[in-house]
Each structure stands twice: as C-alpha cells, then as structure tokens.
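So the sequence shown is numbered by the working numbering: it starts at 49 and just counts up by one.
The beta carbon of each residue, even a glycine, is placed where N, CA and C say it ideally should be.
Here the structure is a predicted model, which is why all the values come from computation and not from measurement.
Below: one structure, written as structure tokens.
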Amino acid sequence: MAKKVNASPINNRTLNGVALRRSPLDKGRLIVFQSPATKSLRFYCYVQVFLCSPQLPSTLCGEGLGVRYYLCRMDAKKVRVRFAPSPTGGLHLGGVRTVLFNYLFAKHFGGDFILRIEDTDQTRFVEGAEEYIFNCLEWCGLVPDESAVHGGPYGPYRQSERKPLYLEYAEQLVKQGHAYYAFDTPQELEEMRTKFKTKENPSPQYNHELRGYMRNALTLGEAEVAALLATGTPYVIRIKMPEHEEIRFTDMIRGEVSFDSSLSDDKVLLKADGMPTYHLAVVIDDYLMKITHAFRGEEWLPSAPAHVLLWKYLFGLENMPQWAHLPLILKPEGNGKLSKRDGDRLGFPVFAMDWTDPRTGEAATGFKERGFLPEAFINMLAALGWNDGTAQEIFTLDELVEKFSMDRVHKGGAKFDFEKAKWFNQEWIKRLPVTHYAAKVKGMFAEKGIAIEDDAKFYTVLEMVKERCILLPDFVQQASFFFLAPVEIDTNSIKPKWTAQKNQFFIELIRAYELIPYWQHDDLEKEFKEMAAAHQIKPGDLLLPLRIMLVGGKFGPGVFDIATIIGKEDTLARIKHTLGLLEA
C-alpha cells in the first residue's frame, strides 16, 4: 500500500507537459488530477519511490524532506454522483445544497449528475412531489444528466420500478448469514420497547442484545421459519450487525471515521410489502448505477456502519463510493438544524419553491416566489459551508464549477442568515441585465393590474430603480408610479413645512412646464432651479414635495428622470392633484 505523505510537493506541477490542479478526494490514498483543457480525470496513488509498483507507470513529481515522490497511474473512473430525494413534500434548502454540491463536483470533473427518486416508502408518497422536485432543479439550473425524466442507461430511476431486484439481494444476504427473517408484529415490537426500557436505555433498539428475545429466524427453528414463510406470514429482513467490530471508512470532509458495530441496531432491509428500505436500496442502486461519490447530510452518519457492511457483503468495499457527509444548515441562532417551523417563526422561506401539501392544504412560501433569482439562491447555498479560500463571495454557476472542491467544505454546520441571503439577491439584481428578469417582474406588475405595453420604457425604468431593489417584488413598489399614478399621496410628509410661497411656486411651475419646448431632464431641472431662485427658495426644500407629488412617497430615482419618463401630461396632472389635496 502507498504510504500516507504530504501532498504539498506536487502543487503547481505538470504531468507530461500538462498543467495539473490538485484535489484530494481521499487524503493519503488517492490524489486526483484534472487537465484544465480536456477536463479528463486521472487517478494516481501518491507513494515514495521505494514503494512505487513496477506494474504502474509513474512520473517523478517532486522532492521533499530528502524523499522523492511519484504519481502512479491507477484505473480511471468517470465521476458519477446522485441526488436521491423522497417525493414526500417540499424541497428544503438543505436538500438543494446537497444537489448543488453534487452537481458542482460532477461538472468540475466532467462527470454525470443523476437524480434518482427514492419512493420505496409508499405510505409517505405525496402526489405531485416528484414533479415539484424536477421543477425546483430546473429553476436552479441544476439539470440532471440522467433521471426518470431525462432517461439514461442505468434506469429505471424510480426505486418503486426496481422492486424485483431488491428481494434477490436481500435473500443473498440471508443465505450468507448476514441478514435474517423477522416475523415480529407491530404489537410485539412495541412490547419490546416497553419491556426493555430503562433509565439507562430509554429507547431500546432491535439489536444484537435484544434480537435473541424476538420472533425471528435466529430464535426459531428452521422448520418453523419455513412454515411461516410458506403460509405467507408477514416478515421483514433485517441486517445482522456483528458484535464489537470496528467499522471504518474515509469521509471526504471528516477524514477517518470509525464505529463500534455493537452500537448499531439491526436495521430493516426489506419491508413486509416487499419494498426495500433506504439502507438496502441505496447500496444496490449506487452499485448498479456505478456511483463513484455519494454526498449526503451528516444526519446519515449513524447509518453508515450498516451501509459499509452491506457494501462489504454484497459488492466489496473496493467498489464503495467515496462518501462525504455534509454539515447541517443551522437555525439562525445556531442551535439545531434549520426547519420549516423556524422559517414560519422568523418569516423567511426554507423551501426552494412554493409548496402546498395536497393532503393537508398547508402552504409554504418558496425562495422563488419570495422574489429570489436562481443565481442568487445557488450562490447563497454554496456559501453555506463552502468557500474557495479567498474573499470572493459572488460566483456564477460556471465559476462555482471551476472552483469547487470538497476539501473546502467545512465540517461544522453553517448558520442560515436571511439578511445575507437577501444581500446575495440584491447583488445579483444589480449585476444581471434587467432583461434577464424583466419577464418575471412584468408578471408581478400584471398581478397588480399594471399592464406594461412599452418594453423599451420598461427596461429603462428597471435599470433606473434596480439599485434600490432587494427582492423582485420590490420593483413593483419602486417603479409602479412610472406606469400608473399613485393612488395614495404622502401629504403628511409635505404639510409640516408647506407654505403659501411654496404653493405659489408649484402653481407657476405648472405654467412654466406647460410652455417648455423640450421635455428633457436637463431642461426640466434648469427651469426648476431658476424658478426656485426667483422665489428665493432653496431647491432642496422643493425637491421632496415634487418627489412625493410624482411618486406618492419619499423614494425613487431622480425626480427629473421620473418626470422625463412619465411625460409632461402625467407630471403636470400629478402636481395639480397633490396641490388640490394640500388645499383641502
């Protein structure tokens, strides 16, 4: 085996004249290089010269501490990653971040991103949830290479359509002695939890200590088991966890992880309805779909021992994907995983898009409908637990693909900050051309009864106000007055400093503007200032009333820009209307 050594001597090196970028997938065992030009992958084992295998072509890549280091070519595999959601409800932003990290990793290495629907638990299946998942990913721009919708060579991509093959592998585990039939009824399981509950063990598990007290193939005779199976008695198949065995694997984020098998329960692999549980299906499907890397939330770490053993028993550990258990997205306070309840409590979305549960009618707002751009949403998600090592915060999707690496993913959870999320959105609104989101904003205007008939004018207006917009609906508030006279005028902000002199100024301004030959910004401003000087009033004392007359409140871009765009007729009508309100 290769000796674990520091990989630093090989930074900024070339291999056969090709510049290489280092990304340690499995620190100490494998180092993966990618050609920036071709995106092709090469897997190498990093060894000292005296350990270099003569069967593997090698290239001297550096020296350090007096020791020569070589890269030895290993068999190359195309990177294949998957996201495997259950169609049970809305897609939490933590799930979308898992999608994003899978997608970025795959595309960084020129690999494939697969979407597999894990619908084995039919009791939790929700109509419309699968379509919703695909819609969310499409909005985010994270389109799978293979899925139930997009097809692919390793289908079907719904686990419910793969049901027959799982029984075969479950039976294989039984024959090997690594799993067993269990005939316990729900009542018997509940009795077990009650009978063996103690202060030290408040939640008894079906494990190596208690399985001997239960009704299963380990406690029943062969004849009795055969008779139960022959008569169609409901059963499940459970993994038989070994006692006091150390189970280890290398996590791409956390490094070496180890477990005592005695602390894990005998998880159900095949349910009474013949459908597999997640534990069995994920291993079989990852193998058959040739998944090379599997990223999932850290809440799945307790299940890792059973999964490692299933890989060992069924397909060999050498075929097991590289795992990465992603850190949680935490509540803003930092104490616990972010939930929908937290969003409801604090007034922000936690789902990618609007979701209404068809069973209960309960509705939840999504980031899309709240007014987030997909570019901002994925940028924000990438920053929750990852950075590229620089001060850069704004990334396009292509930049994320280029810079993403698992060794920059944090181990600790990331607090969700909705104010920071809105900051990302504001930055993207400012950076993107208004034509990128104009259609969406136009729909929001239509919902308020404001028809947009002149696209050129609309784009000009959006460009004028976008610096003031944080979410897309802000455009309606910041720009609706360009197309429709304000219904309400904030005269309360005018009255405290309103005088007869100012009233006379605006009466004369109306006359002057009626006669002005060119309705242009500079001409309007020049006429305004000259009249203010003639009335011996500071222009600043008159600009706020004019702004409120035109837009209804103390907001908006430059008043003469506003007047130029809404035109002479509307400008004069709005001034006259407000003067009437002030006289009332």
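Inter-residue Cα distance where the pair is residue i and residue j
| i | j | result |
| --- | --- | --- |
| Val18 | Gln370 | Any property of residue 18 remains undetermined from this structure, which presents the chain solely from 49 to 632. |
| Phe153 | Glu441 | 19 Å |
| Leu276 | Tyr229 | 10 Å |
| Thr168 | Thr325 | 7 Å |
| Arg595 | Leu572 | 14 Å |
| Pro250 | Gly437 | 45 Å |
| Gly280 | Leu213 | 20 Å |
| Thr233 | Phe420 | 49 Å |
| Arg241 | Asp333 | 32 Å |
| Glu562 | Ala621 | 11 Å |
| Ser310 | Gly260 | 14 Å |
| Tyr187 | Gly142 | Contrary to the premise, residue 187 reads as Trp rather than Tyr in this sequence. Taking the straight line joining both Cα atoms gives about 16 Å. |
| Arg302 | Glu179 | 34 Å |
| Phe91 | Lys125 | In this predicted model, Phe91 has a pLDDT of only 41, less than 50, meaning its place in the structure is not dependable; the value taken from the coordinates is given anyway. So the two alpha carbons sit approximately 8 Å from each other. |
| Thr619 | Ile613 | 9 Å |
| Thr539 | Ala504 | 32 Å |
| Ile623 | Gly176 | 52 Å |
| Glu511 | Leu480 | 10 Å |
| His625 | Ser528 | 18 Å |
| Phe472 | Phe425 | 8 Å |
| Tyr335 | Asn427 | 32 Å |
| Gly199 | Arg210 | 15 Å |
| Gln207 | Pro133 | 11 Å |
Buried or exposed by the 16-neighbour rule on C-beta atoms within 10 Å, applied to residue i
| i | result |
| --- | --- |
| Ile555 | exposed |
| Phe415 | buried |
| Leu378 | buried |
| Ile295 | buried |
| Glu478 | It should be pointed out that residue 478 corresponds to Lys in this sequence rather than to Glu. The residue in question, Lys478, is exposed, as its Cβ has fewer than 16 Cβ neighbours within 10 Å. |
| His484 | exposed |
| Ser306 | exposed |
| Thr404 | exposed |
| Leu221 | buried |
| Lys319 | buried |
| Ile629 | Here residue 629 is Leu; the residue named in the question, Ile, does not match the sequence. Exposed: under 16 other Cβ atoms inside 10 Å. |
| Leu148 | buried |
| Glu631 | exposed |
| Asp522 | buried |
| Leu365 | exposed |
| Trp546 | exposed |
For residue i, the residue or residues it bridges with in DSSP
| i | result |
| --- | --- |
| Gly689 | Because the chain here runs from 49 to 632, residue 689 falls outside it and cannot be looked at. |
| Thr42 | Residue coverage of the chain in this structure runs from 49 to 632, which leaves residue 42 outside it and unanswerable. |
| Arg206 | Ile165 |
| Lys385 | Leu378 |
| Ala412 | Trp403 |
| Pro324 | Leu318 |
| Lys463 | Leu378 |
| Trp434 | Val457 |
Residue interval of the beta strand (DSSP E) (run including residue i)
| i | result |
| --- | --- |
| Ile287 | Val284 to Ile287 |
| Arg296 | Glu294 to Asp299 |
| Glu304 | Gly303 to Asp308 |
| Phe131 | Arg128 to Phe131 |
| Val316 | Val316 to Leu318 |
Bounding residues of the alpha helix (DSSP H) (the contiguous stretch that carries residue i)
| i | result |
| --- | --- |
| Tyr228 | From DSSP, Tyr228 is part of no alpha helix (DSSP H) but of the beta strand (DSSP E) over Ala227 to Ala230. |
| Val30 | Residue 30 cannot be examined here, being either before or after the span of the chain that is shown, 49 to 632. |
| Cys184 | Ala177 to Cys188 |
| Pro422 | Pro422 to Ala431 |
| Ile585 | Run containing Ile585: none; DSSP gives neither H nor E here. |
| Ile558 | Ala548 to Leu563 |
| Glu475 | Phe466 to Arg479 |
| Glu194 | First-last for Glu194: undefined, no H or E at that position. |
| His484 | First-last for His484: undefined, no H or E at that position. |
| Leu520 | Where Leu520 is concerned, there is no enclosing alpha helix (DSSP H), given that its DSSP letter is neither H nor E. |
| Met512 | Asp503 to Val513 |
| Glu216 | Lys211 to Gln224 |
| Glu617 | Val607 to Glu631 |
| Gln235 | Pro234 to Lys243 |
| Leu148 | Leu141 to His156 |
Residue i Cβ short of 7 Å to the ligand NAD heavy atom set
| i | result |
| --- | --- |
| Ser208 | Looking for the ligand NAD in the displayed structure turns up nothing, as the structure carries no ligands at all. |
Q | the segment 186-195 contacting the segment 485-495, beta-carbon criterion three pairs below 8 Å | A | no
Q: Answer yes if the segment 272-288 comes into contact with the segment 301-318, meaning at least three C-beta pairs across the two stretches below 8 Å, and no otherwise.
A: yes
Q: Determine contact between the segment 575-588 and the segment 547-564, defined as no fewer than three beta-carbon pairs at a distance below 8 Å.
A: yes
Q: For the segment 398-418 and the segment 149-166, state whether three or more C-beta atom pairs, one from each stretch, are separated by less than 8 Å.
A: no
**Q.** Given 8 Å, three or more beta-carbon pairs between the segment 592-612 and the segment 516-536
**A.** yes
Q. Any chance the segment 253-268 sits against the segment 324-343, with 3 or more Cβ pairs inside 8 Å?
A. no
Q) Do the segment 327-334 and the segment 345-356 touch if we need at least three Cβ pairs shorter than 8 Å? A) yes
Q) How about the segment 377-394 and the segment 459-469: do they share at least three Cβ pairs that are nearer than 8 Å? A) yes
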